[in-house]
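So the number in our numbering is just where the residue sits in the sequence shown, counting from 1, plus 90. The structure appears right after this line, and notes come after that.
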Amino acid sequence: MKLLNYDSKYLILSNLRTVDNQPMPSSHTKAQYEILCNLIIRKKISRKFFEFIVFELFGVNDWKQLDYAQTYQLIHVLTFYNYAKVRE
């Protein structure tokens, strides 16, 4: 492969390994659990607020009923939620 005719973005992306279509876990993983615990501690999220978010987003009372993708979405929401606006 001649490197002269390709831009650097193409060369970088062409050297990525491919991920086989692995099945997603049916429930949350241990890593997701640890991330949630750290987020709750770091952002000082109350139990009441956490339960409210889980119920409003997914319609369940227990976060342990969430699957992998839903837990990922919950982590994303808790990470980027504007807590300063709520606490004012």
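Cβ atoms here follow ideal geometry from the backbone N, Cα and C, with glycine treated the same way. Keep in mind that this is a model prediction, so the values were computed, not measured.
Alpha carbon of residue i to alpha carbon of residue j, nearest angstrom
i: Ala-121; j: Asp-157; result: 13 Å
i: Trp-153; j: Tyr-171; result: 18 Å
i: Val-167; j: Gln-155; result: 17 Å
i: Lys-99; j: Cys-127; result: 37 Å
i: Leu-101; j: Asp-110; result: 21 Å
i: Glu-124; j: Ala-174; result: 24 Å
i: Phe-142; j: Phe-148; result: 10 Å
i: Ala-159; j: Ser-104; result: 27 Å
i: Lys-138; j: Thr-108; result: 42 Å
7 Å Cβ cutoff met for residue i and residue j
i: Thr-161; j: His-118; result: yes
Residue burial classification, residue i (beta-carbon count within 10 angstroms, cutoff 16)
i: Leu-164; result: buried
i: Val-150; result: exposed
The alpha helix (DSSP H) enclosing residue i, as first and last residue numbers
i: Thr-161; result: 158-170
i: Leu-126; result: 120-133
So, do the region 129-138 and the region 95-109 have three or more beta carbon pairs nearer to each other than 8 Å? no
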